[in-house]
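Per our numbering, the very first residue in the sequence shown carries number 1; after that it's consecutive. Glycine included, every Cβ here is placed at the ideal spot set by N, Cα and C. From a predicted model like this one, the values you see are computed outputs, not experimental measurements. Input: a single structure, listed below in structure tokens.
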Amino acid sequence: MTIKKHILFSLLFLCQFALAQNDSINQLEEVIVSDKQLKGTSNTQSVQRLSDTIISRNQSSLTSLLNYNTVIFFKENGLGMVSSPSFRGTTAQQTVVVWNGININSQLLGQTDFNTVATRAYNSIDVKAGGGSIMYGSGAIGGTIHLNNDLKFSNTFKSDLQVYYGDFNTLSAVYGITAATDKISVDASYSRNSSDNDFKFVGRNGRNANGQFYNNTLNVAFGYKINDQNSIKFYSEVYDGERHFSITSPNATRTKYQDFNTRNLITWSSKFSNFATDLRLAYITEHYNYFEDTTGDGFTGGGVKSFIAKYNVDYIFSKNSMATAIIDYTKNNGEGDGIGASTRQIGGVSLFYKYNVSDRWNTEASIRKEISDVYKSPVLFSVGSKYIFTEVYQLKLNFSRNYRIPTFNDLYWAGSGNKDLKPENAYQLEVGNNFRFKNLRFSVTAYGSKIDDMIRWLPTNAGNWSPINTDKVTIYGAEVLLGWTKKLNNHYFDLSGTYAYTSSKDERTNKQLFYVPYHKLTGSLSHNYKKFASYYQLLYTGEVFTTSDNNPKNILEGFMVSNIGADYNFSKNNTFKVGVKVANLWNKEYQSLPSRYMPGRNFTIYLNLNY
Numbered sequence: 001m002t003i004k005k006h007i008l009f010s011l012l013f014l015c016q017f018a019l020a021q022n023d024s025i026n027q028l029e030e031v032i033v034s035d036k037q038l039k040g041t042s043n044t045q046s047v048q049r050l051s052d053t054i055i056s057r058n059q060s061s062l063t064s065l066l067n068y069n070t071v072i073f074f075k076e077n078g079l080g081m082v083s084s085p086s087f088r089g090t091t092a093q094q095t096v097v098v099w100n101g102i103n104i105n106s107q108l109l110g111q112t113d114f115n116t117v118a119t120r121a122y123n124s125i126d127v128k129a130g131g132g133s134i135m136y137g138s139g140a141i142g143g144t145i146h147l148n149n150d151l152k153f154s155n156t157f158k159s160d161l162q163v164y165y166g167d168f169n170t171l172s173a174v175y176g177i178t179a180a181t182d183k184i185s186v187d188a189s190y191s192r193n194s195s196d197n198d199f200k201f202v203g204r205n206g207r208n209a210n211g212q213f214y215n216n217t218l219n220v221a222f223g224y225k226i227n228d229q230n231s232i233k234f235y236s237e238v239y240d241g242e243r244h245f246s247i248t249s250p251n252a253t254r255t256k257y258q259d260f261n262t263r264n265l266i267t268w269s270s271k272f273s274n275f276a277t278d279l280r281l282a283y284i285t286e287h288y289n290y291f292e293d294t295t296g297d298g299f300t301g302g303g304v305k306s307f308i309a310k311y312n313v314d315y316i317f318s319k320n321s322m323a324t325a326i327i328d329y330t331k332n333n334g335e336g337d338g339i340g341a342s343t344r345q346i347g348g349v350s351l352f353y354k355y356n357v358s359d360r361w362n363t364e365a366s367i368r369k370e371i372s373d374v375y376k377s378p379v380l381f382s383v384g385s386k387y388i389f390t391e392v393y394q395l396k397l398n399f400s401r402n403y404r405i406p407t408f409n410d411l412y413w414a415g416s417g418n419k420d421l422k423p424e425n426a427y428q429l430e431v432g433n434n435f436r437f438k439n440l441r442f443s444v445t446a447y448g449s450k451i452d453d454m455i456r457w458l459p460t461n462a463g464n465w466s467p468i469n470t471d472k473v474t475i476y477g478a479e480v481l482l483g484w485t486k487k488l489n490n491h492y493f494d495l496s497g498t499y500a501y502t503s504s505k506d507e508r509t510n511k512q513l514f515y516v517p518y519h520k521l522t523g524s525l526s527h528n529y530k531k532f533a534s535y536y537q538l539l540y541t542g543e544v545f546t547t548s549d550n551n552p553k554n555i556l557e558g559f560m561v562s563n564i565g566a567d568y569n570f571s572k573n574n575t576f577k578v579g580v581k582v583a584n585l586w587n588k589e590y591q592s593l594p595s596r597y598m599p600g601r602n603f604t605i606y607l608n609l610n611y
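As structure tokens, then:
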């Protein structure tokens with residue numbers, strides 16, 4: 001074994017995982033979580049919370065945050081370009097992004113581009129591994145990413161300004177205000193990210209060309225407690241962005257892509273002696289313009305407008321049992337080049353039941369059935385159990401059936417869409433083992449899943465491409481999540497890390513799916529001493545196949561990159577902080593897509609003001 005590998009796996013066992021919650025997500029009583037389903041229905045699966053401290057120490061994109069802190073692998077077309085995840089060996093369309101409890105994956109593509117999500121607009125982000133289709137709908141097969149604007153009801157007023165400036169004229173700035181009483185709570189922020197993105201390539205001639213981008217995000221969350229039993233909450237987000245897509249040769253045509261998305265959600269929550277209700281109404285829009293040549297005025301575009309209504313009732317039978325019934329309705333109206341004008345409607349009914357057999361043993365089960373005017377949906381279910389053997393060890397089991405529906409492009413693309421497509425169908429089983437020894441925590445989760453009717457676009461006899469239900473995929477793997485903290489006098493240490501082994505194979509060919517690495521590892525070490533803080537991050541990604549036949553000539557080699565940073569608080573009340581970060585510390589050449597090189601060593605300085 002090489003010295004590099006010795007160092008790599010030594011760091012793994014020195015690392016922590018910012019540990020997945022043992023039960024539901026812990027919250028102070030005055031905090032109202034935006035995603036009620038995540039809090040109440042995740043006892044038998046792993047949920048990892050990324051705090052605002054972790055968010056602020058990473059780049060502003062969701063890709064960077066999750067790449068350095070979770071087991072999820074990302075395929076990037078260069079820094080800031082299109083970014084697609086693979087969670088537990090699945091495809092990008094099988095990972096769902098949830099905004100304040102609402103699935104926001106594109107209805108056109110079936111996925112979220114993780115480089116279009118500005119993380120500093122949220123006060124917490126959760127990562128839930130495994131199936132979640134019953135609560136979050138189509139695509140929640142590999143896992144779900146939860147973007148939270150949680151509201152705090154206590155006398156508070158504060159504002160926060162964060163400014164980051166670095167190489168390649170890269171700017172990231174966010175200004176936020178939080179104001180609250182015991183009746184009203186407001187949390188609002190505006191963020192701006194931009195970069196010339198013209199970095200030099202490591203170890204070769206040339207610069208990244210046509211890679212400039214910008215995006216603006218406005219977020220508002222408002223809550224009002226009408227009385228002790230009733231409250232209303234309103235969440236709104238507007239995103240506007242433009243990216244020029246990096247070119248791989250000087251003579252390539254320069255292209256760009258514009259996004260404009262809006263999200264609005266209003267909720268009415270009521271609590272009574274033994275039951276509670278929650279009504280949610282959401283209106284979400286997505287729109288894009290694609291310019292095939294930036295020197296011309298021509299472009300293609302399209303978009304979808306979605307209305308979502310969801311009503312759930314929680315009923316507590318006793319201190320040991322409760323049930324939830326959910327009725328929901330979704331209407332999508334799509335229009336644009338390629339899909340024309342298209343509409344689909346989906347209605348669903350879900351039932352969830354939780355029973356505590358004893359103080360140590362609890363179980364939960366859920367079932368869901370949908371009715372749609374464009375496809376037939378399977379009956380979905382999830383069953384799980386958790387048993388606390390001792391204060392040191394607990395066991396979790398979960399088995400579920402999940403799905404992914406065809407996208408608008410799959411169904412309606414002119415000349416290629418297939419209206420006879422069936423939803424992708426997945427069965428999953430996972431076994432989690434959680435351990436806790438004083439300051440040390442770690443978990444080992446083994447899982448397996450089988451996906452049928454996987455949708456792929458393939459060439460037809462007519463000479464074009466069309467989607468069909470063709471692939472069957474078998475996935476198995478393991479995740480190790482570690483955590484250790486220690487305080488010595490005025491010194492505070494925190495080690496964090498994750499490791500994943502993933503086998504994801506096409507049953508017909510017995511080949512690993514391309515862009516799914518067998519190994520991925522992350523680690524971080526942070527140290528705080530009075531007003532001084534420092535941290536070190538490590539990311540290792542194993543080799544990946546870039547073709548479905550696993551041709552060894554088409555392998556991207558594994559890479560290991562590191563970041564380091566430090567900051568100092570100049571005030572008594574932690575209100576004035578200045579810091580510096582060095583990304584790709586060892587100036588490594590690396591890429592997650594062929595010919596899509598990432599930046600070498602680069603520097604960022606930042607200023608945080610809280611008052």
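Below 8 Å, enough C-beta pairs join the segment 356-366 and the segment 377-385 to call them touching: three or more. Between Ile451 and Val473 a beta carbon distance of about 4 Å is seen, short of the 8 Å cut, so the two are scored as contacting.
A straight line joining the alpha-carbon of His519 with that of Thr445 spans about 15 Å.
Along the segment 310-364, the beta strand (DSSP E) occurs as fully enclosed runs of 3 or more residues at 321-336 and 340-356, listed in sequence order. In this structure Ser595 is exposed. Its beta-carbon is surrounded by fewer than 16 other beta-carbon atoms within 10 angstroms.
Met135: member of the alpha helix (DSSP H) spanning Ser133 to Tyr136, first to last residue.
Excluding the 5 residues flanking it on each side, Trp586 has same chain C-beta neighbours closer than 8 Å at Val561, Ser562 and Arg601, in chain order. The DSSP assignment places 491-506 and 519-529 as complete runs of the beta strand (DSSP E) inside the segment 483-539, in order along the chain (cut-off: 3 residues).
Classified as exposed, Lys553 has fewer than 16 neighbouring CB atoms from the shown chains inside 10 Å of its CB. Taking every protein chain shown into account, the CB of Trp465 has fewer than 16 other CB atoms within 10 angstroms, so this residue is exposed. Sixteen is the threshold: when 16 or more other Cβ atoms of the shown chains lie within 10 Å of the Cβ of Arg263, as they do, the residue is buried. Counting only the Cα atoms, Ala140 lies some 13 Å from Pro406.
The Cβ atoms of Ala180 and Val220 do not sit closer than 7 Å to each other. Look at Gln93 here: in three-state DSSP terms it is helix. In the three-state reduction of the DSSP assignment, Ser449 falls in the strand class. Apart from the 5 residues on each side of it in sequence, Asp160 sits with its Cβ closer than 6 Å to the Cβ of Gly176 and Asn610 in its chain, given in chain order. In this structure, the alpha-carbon of Ile468 lies about 7 Å from that of Leu458.
Residue pairing of Gly477 in beta bridges, as defined by DSSP: Tyr447 and Thr502. Less than 7 Å separates the beta-carbon of Gly80 from that of Phe213. If the five residues before and after Glu242 are omitted, its C-beta is found closer than 8 Å to the C-beta atoms of Phe213, Tyr214, Asn215, Lys256, Tyr257, Gln258 and Asp259, all from its own chain and listed in chain order. Taking Ser416 as the centre and dropping the five residues before and after it, the same chain places the C-beta of Asn464, Trp465 and Ser466 closer than 7 Å to its C-beta, in chain order. With contacts defined as CB atoms closer than 7 Å, Ile475 and Gly89 qualify as a contacting pair. Spanning the alpha carbons of Val516 and Ser86 requires a straight line of approximately 7 Å. Straight across, the Cα-Cα distance linking Asn398 with Lys128 is about 13 Å. Within 10 angstroms of the beta-carbon of Pro423 lie 16 or more other beta-carbons, which makes it buried.
The beta carbon of Phe157 sits closer than 6 Å to those of Ala179, all from its chain and outside the five residues before and after it, given in chain order. For Thr294, there is no enclosing alpha helix (DSSP H), as DSSP marks it with neither H nor E. Put simply, the backbone Cα of Lys225 is about 33 Å away from that of Ser60. For Asn554, the secondary structure class from DSSP, reduced to helix, strand or coil, is helix. DSSP places Thr53 within a helical segment (H, G or I) once states are collapsed to three.
If you draw a 10 Å sphere on the C-beta of Gly565, you find 16 or more other C-beta atoms in it, and that means buried.
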